[in-house]
Amino acid sequence: MRIVLAAVATCCAALTGAAEDRRPNILLIVADDLGYADVGFHGVEDIPTPHLDALAARGVRFSNGYVSGTWCSPTRAGLLTGRYQQRFGVRGHEGTPDEALSLEETTLADRLKAAGYATAAIGKWHLGTGPEFHPLERGFDEFFGFLRGAHNFWPGVPLILFPDRTGRGPYIEEIQQRAMGGRQILRGREHVAEEAYLTDAFGREAVSFIERHASEPFFLYLSFNAVHTPMQATVDRLASFATTAHPVRRVYNAMTLAMDEAVGAVFEQLRRSGIEDDTLAFFISDNGGPTVLRFAYNASDNSPLRGSKGSTLEGGIRVPFVVSWPGGLPSGMRYDEPAIQLDFLPTALAAAGVPVDPEWQLDGVNLLPHLRGEASGRPHELLFWRSIRQMAVRGGDWKLVTYQAGFDAGDIPRDGPLDQVTPHRLYNLARDVGETEDLSEREPERVAELLAHWTDWNAQMRPIP
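Going by our numbering, the sequence shown wraps up at 1021, each residue one higher than the last.
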């Protein structure tokens, strides 16, 4: 197991003993369309992210942290169930942008609420707009946010804030109009007239929830819509990036700063309440940054990875990924084995003392023994992806992948066809994290082995009609 310690960690036995004194709070923070390179702990230089960097320094930073979806909604479906989202839904959560979370599935909120946790969802839902799919019907006691896939950050601001397919001017597709279509902020089931910048409002609501529930174990799902389009930022934050030449990047930087400040406010409240050490926190982006102009472009940066949101290349699925629990895990640690956001649910349940029933058929694993040095080997020998005719499988350092060339700006012209799917390509990620050298012709047996594993996995998933 390849683990690099950036600082001397406290004895794991002592950490485990401290964690047993109190059931930890569970805090799940999701960024939307954040680029892999756009946090300080991954080396960003033009955006200050001190609070996210502090979170990584207090916990474990994953260098090979993945999500199971190349788009927003599929990742969230897998995140809240601990199961590959391809197992359920009409199309395995990949055929339509707003597919609702199947009512046959049980969420992390359901399981923690049954264990006595207070639960809240704040921010973007994107798992169904019908009343039966509302967060209050899926295990959450409280909800503040919006149900669709995207939303204005300010009331009354035009939605047209990213380039068209030629890169020459703004446009909105019908799906974007449906997704954002007006100010639709809910508190519970009631519409509210929220005038604050939305990222600030979500931070405010998260602080309030923590303050009100500090004396009991809670689960807070803080799901930002930053830094998803539309590109909208506050004037004061924009002023901090006055020297940023790229006009979209300037707004993106200001939006990222707002999210970092909201995260900082949340952790400041945990400290004021005296419960930071007793809080197990997770942070991810829901997918890679949309770096291709035609796909809700936000000027994010996935370096050194290749590919974009929507792609099974590393730039679409490998994301900033942090797990922190000062009272129960080492601090200042880098973990290099592959992990996936499906692991958050069984990890949270283990920390909360909730036993897992094998009949739940979870695909995620409990990361705690791996991060404490109590388990040998990798959490996963194989990881799988399937997304709109694309596939990928990772085994060890090797990855077999097909992808739509239109999701990689270097493959086809910006106005080229969207249905051009590559043949199977093989990469060694330990030597070639940018996926530039296809080794499939040199390693035909490895290609066949990985493809057989993926085919067996896919046969267990919901077929796409």
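Cβ atoms here follow ideal geometry from the backbone N, Cα and C, with glycine treated the same way. Keep in mind the model is a prediction, meaning the values are calculated, not measured.
### Task
Compare the Cα-Cα distances from residue 621 to each of 1003, 936, 710, 829 and report the closest residue.
936
### Message
What does the alpha-carbon distance come out to for the pair residue 983 and residue 706?
### Response
34 Å
### Task
Mind listing, in chain order, the continuous alpha helix (DSSP H) runs of no fewer than 4 residues lying wholly within the stretch 778-839?
791-795, 803-828
#### Entry: Per DSSP, cross-strand counterpart(s) of residue 746
743
### Query
Would DSSP call residue 881 helix, strand or coil?
coil
### Task
Determine the DSSP secondary structure at residue 703, reduced to helix, strand or coil.
coil
### Query
What did DSSP end up calling residue 865 once you bin it into helix, strand or coil?
coil
### Message
Using CA atoms only, rank isn't needed, just tell me which of 926, 1011, 906, 905 is closest to residue 939.
### Response
1011
### Task
On a CA-only basis, which of 751, 777, 761, 682 is nearest residue 695? Give me that one, please.
777
### Neighbourhood of residue 809 by C-beta distance below 7 Å, restricted to the same chain and skipping five residues each side
602, 603, 797, 800
### Sequence-distant residues of the same chain with beta carbon closer than 8 Å to residue 732, five excluded per side
Note on residue 732: pLDDT 47, under 50, position unreliable in the model; no value is reported.
### Query
Does the distance from the C-beta atom of residue 927 to that of residue 955 stay below 7 Å?
no
### Task
Using three-state DSSP, classify residue 927 as helix, strand or coil.
helix
### Task
Tell me residue 896's beta-bridge partners as DSSP assigns them.
622
### Message
For residue 639 and residue 628, I'd like the C-alpha separation in whole angstroms.
### Response
16 Å
#### Entry: Exposure of residue 578, with buried meaning 16 or more beta-carbon neighbours within 10 Å
exposed
### residue 943 - containing beta strand (DSSP E), residue span
938-943
### Query
Starting from residue 949 and walking both ways along the beta strand (DSSP E), at which residues does that stretch end?
946-951
### Query
Among 899, 1005, 864, which residue has its Cα nearest to the Cα of residue 920?
899
### Message
Going by DSSP, what residue range makes up the beta strand (DSSP E) through residue 982?
### Response
981-984
### Given residue 979 as reference, the closest of 1007, 904, 684 once Cα atoms are compared
1007
### Message
Determine whether the beta carbon atoms of residue 829 and residue 770 lie at a separation below 7 Å.
### Response
yes
### Task
Output the distance between the C-alpha atoms of residue 546 and residue 804, rounded to the nearest integer angstrom.
Nothing can be reported for residue 546, as the shown portion of the chain is limited to 557 through 1021.
### Query
What is the DSSP secondary structure of residue 874, counted as helix, strand or coil?
strand
### Query
Ordered along the chain, which non-local residues of its own chain (more than five positions away) have a Cβ less than 6 Å from that of residue 990?
860, 862
### Query
Ends of the beta strand (DSSP E) at residue 587?
581-587
### Query
Going by DSSP, what residues sit across from residue 841 in a beta bridge?
587
### Task
Sort out for me which residues DSSP pairs residue 960 with in a bridge.
977
### Task
Closer than 7 Å by C-beta to residue 634: which residues in its own chain qualify, once you throw out the five before and the five after it? Chain order, please.
624, 625, 640, 641, 897, 898
### Where residue 554 sits in the DSSP three-state scheme
In the structure displayed, the chain extends from 557 to 1021; residue 554 sits before or after that span and is not available.
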